[in-house]
């Protein structure tokens, strides 16, 4: 069972030291800009940006590969779909399967774009611990307070949820063992039977979890937590000149990609 | 206050659903849709929606999306439609179910009503982004079958939780 739910790779690099708010805005802007132009040249600019960011981060290649693995089946599916339904002149055909240069080019473009997207996205999650990112989200969400979106409470809920996950997994494991000891069988029969076998796991899980959530609410109230009240932080965020530089570089990359 | 802890709890449940995979044939049977649907049934529409918002934001920071994915890339990537689809799904299930009628039949209908926007958004998003068209629609069919089973399971659990005779500790629904 996973002990820590995080993709963070601890190291000391310019990217690790950058302010999480600046990193979040930079990655968000790059990821959205990636979809605005359908040209190989623009894609190449973003790919270079992604590789440079990755080089700066001092994260081993293995970790990036781990982030990319889940999308490989999707890339395979894209190629299969292009082989089956591609428009354009086929240059090779075998029965109902036709390969067209255009279809393959399109599938290649979509796949490379997906890999670049994951590369840019993981530059953020590999170099920033979840709690710092949550603080950044709370700060960036502050203007939404005017629309009655409780950004600080949302950040608190994210932190609490992160803390709940390992507890829940342990709880789930305990309940499943307890039910197995009483003769429950989770691994035989059809899908419906297996689903039914989970009812005596889920009901106790909810009973335990609701009790825990009630206790937590009571404990927070007892410590005078007031929703909506201004709060201070143990580690306040500090933006430096290098963060402005990071944002300027990202803006330059996006401009370059949109004129090239 | 209870809002905060319950929504955090359900966000954590949806997230841990990604780690619990019960293998049924080739399709990994993760429990995510189960918990999204259950959030709607047990918490009601508003808090269920908030739980999914917390889950999705959590995913920007930690690898809690299905398959250990995380970050902006996964959220706006090709399969992101299925994640964003949790939002209308949770709200729809919450609106369609009712604590006054916790019968399994009503819960199943509410759950199926929630799958509709989830799959509409997920398939449309996937098809548009990777230029897949029909292949995408065909590719998600096994997942849809598994999700229908999950809705049945969620309905059975929610019905048991909300039925009076058992008297289990259940938060008040927001509607």
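Chains as they are written, first to last, in the numbering used here: chain A, 62 to 321; chain B, -10 to 164. Don't be surprised by glycine CBs; every beta carbon is placed ideally from N, CA and C. Here the structure is a predicted model, which means the values were calculated and not measured.
Within chain B, the residues that residue i reaches when beta carbons sit closer than 9 angstroms
i, result
"residue 74 of chain A", "Neighbours of residue 74 of chain A on chain B: none; closest Cβ ~18 angstroms, over 9 angstroms."
"residue 88 of chain A", "60, 61, 62"
"residue 259 of chain A", "11, 20, 23, 142, 146"
"residue 179 of chain A", "58, 60, 62, 63, 66"
Inter-residue Cα distance where the pair is residue i and residue j
i, j, result
"residue 286 of chain A", "residue 138 of chain A", "50 angstroms"
"residue 100 of chain B", "residue 143 of chain B", "8 angstroms"
"residue 14 of chain B", "residue 226 of chain A", "Only weak support exists for where residue 14 of chain B lies, its pLDDT of 46 falling under 50; the value from the coordinates is given anyway. Near 27 angstroms, if we compare the C-alpha coordinates of residue 226 of chain A and residue 14 of chain B."
"residue 166 of chain A", "residue 91 of chain A", "23 angstroms"
"residue 266 of chain A", "residue 291 of chain A", "34 angstroms"
"residue 86 of chain B", "residue 109 of chain B", "20 angstroms"
"residue 308 of chain A", "residue 117 of chain A", "15 angstroms"
"residue 109 of chain A", "residue 138 of chain B", "45 angstroms"
"residue 217 of chain A", "residue 136 of chain A", "37 angstroms"
"residue 52 of chain B", "residue 69 of chain A", "9 angstroms"
"residue 145 of chain B", "residue 88 of chain B", "14 angstroms"
"residue 294 of chain A", "residue 208 of chain A", "24 angstroms"
"residue 178 of chain A", "residue 132 of chain A", "11 angstroms"
"residue 26 of chain B", "residue 129 of chain B", "18 angstroms"
"residue 78 of chain A", "residue 119 of chain A", "12 angstroms"
"residue 162 of chain B", "residue 102 of chain B", "19 angstroms"
"residue 158 of chain B", "residue 85 of chain A", "40 angstroms"
"residue 263 of chain A", "residue 241 of chain A", "14 angstroms"
"residue 61 of chain B", "residue 89 of chain A", "7 angstroms"
"residue -8 of chain B", "residue 314 of chain A", "42 angstroms"
"residue 21 of chain B", "residue 320 of chain A", "42 angstroms"
"residue 243 of chain A", "residue 233 of chain A", "15 angstroms"
"residue 141 of chain B", "residue 273 of chain A", "26 angstroms"
"residue 107 of chain B", "residue 43 of chain B", "17 angstroms"
"residue 6 of chain B", "residue 276 of chain A", "23 angstroms"
"residue 31 of chain B", "residue 83 of chain B", "8 angstroms"
"residue 70 of chain B", "residue 98 of chain B", "23 angstroms"
"residue 1 of chain B", "residue 39 of chain B", "12 angstroms"
"residue 169 of chain A", "residue 141 of chain A", "12 angstroms"
"residue 78 of chain B", "residue 181 of chain A", "29 angstroms"
"residue 214 of chain A", "residue 289 of chain A", "7 angstroms"
"residue 256 of chain A", "residue 107 of chain A", "45 angstroms"
"residue 127 of chain A", "residue 186 of chain A", "13 angstroms"
"residue 76 of chain B", "residue 124 of chain A", "30 angstroms"
"residue -4 of chain B", "residue 80 of chain B", "13 angstroms"
Collapsed DSSP secondary structure at residue i in the structure displayed
i, result
"residue 19 of chain B", "strand"
"residue 44 of chain B", "helix"
"residue 54 of chain B", "strand"
"residue 161 of chain A", "strand"
"residue 118 of chain B", "helix"
"residue 240 of chain A", "helix"
"residue 68 of chain B", "coil"
"residue 288 of chain A", "coil"
"residue 293 of chain A", "coil"
"residue 261 of chain A", "helix"
"residue 7 of chain B", "coil"
"residue 250 of chain A", "coil"
"residue 79 of chain A", "coil"
"residue 128 of chain A", "helix"
"residue 321 of chain A", "coil"
"residue 98 of chain A", "coil"
"residue -6 of chain B", "helix"
"residue 72 of chain A", "coil"
"residue 183 of chain A", "helix"
"residue 33 of chain B", "coil"
Chain-ordered neighbours of residue i on chain B, where CB pairs are closer than 7 angstroms
i, result
"residue 267 of chain A", "150"
"residue 240 of chain A", "Under the 7 angstroms cutoff, chain B gives no residues; its nearest Cβ is about 14 angstroms from residue 240 of chain A."
Contacts of residue i in chain A (Cβ-Cβ under 7 angstroms)
i, result
"residue -4 of chain B", "218"
"residue 67 of chain B", "135, 175"
"residue 47 of chain B", "219, 222, 223"
Within chain A, partners of residue i - CB distance below 9 angstroms
i, result
"residue 9 of chain B", "230, 233"
"residue 41 of chain B", "Near residue 41 of chain B there are no residues of chain A at all, since even the closest Cβ is about 11 angstroms away, more than 9 angstroms."
"residue 34 of chain B", "The premise fails here: residue 34 of chain B is roughly 17 angstroms from chain A at the closest Cβ pair, so nothing lies under 9 angstroms."
"residue 160 of chain B", "271, 274, 275"
Contacts that residue i makes with chain B (C-beta to C-beta distance below 8 angstroms)
i, result
"residue 270 of chain A", "-2, 2"
"residue 256 of chain A", "138, 139, 141, 142"
"residue 97 of chain A", "The premise fails here: residue 97 of chain A is roughly 12 angstroms from chain B at the closest Cβ pair, so nothing lies under 8 angstroms."
"residue 92 of chain A", "61, 62, 65"
Proximal residues of chain A, C-beta to C-beta of residue i below 8 angstroms
i, result
"residue 121 of chain B", "138, 139, 142"
"residue 88 of chain B", "Correct list: empty, because the minimum Cβ distance to chain A is about 14 angstroms."
"residue 135 of chain B", "252"
Next on the checklist: Within 8 angstroms, do at least three Cβ pairs link the segment 293 to 301 of chain A to the segment 192 to 208 of chain A?
Outcome noted: Using a C-beta cut-off of 8 angstroms, the segment 192 to 208 of chain A makes contact with the segment 293 to 301 of chain A, since at least three inter-stretch Cβ pairs fall below that distance.
Checklist entry - Does the segment 172 to 180 of chain A come within contact of the segment 250 to 267 of chain A, defined as at least 3 CB pairs closer than 8 angstroms? => result Not touching, per the Cβ criterion.
Item to check | Minimum length 4: unbroken alpha helix (DSSP H) runs contained in the segment 195 to 247 of chain A | outcome: 212 to 242, all fully within the segment 195 to 247 of chain A.
Checklist entry - Is the segment 97 to 104 of chain A in contact with the segment 33 to 47 of chain B, if contact means three or more CB pairs nearer than 8 angstroms? => result Between the segment 97 to 104 of chain A and the segment 33 to 47 of chain B there are fewer than three C-beta pairs closer than 8 angstroms, too few to call the two in contact.
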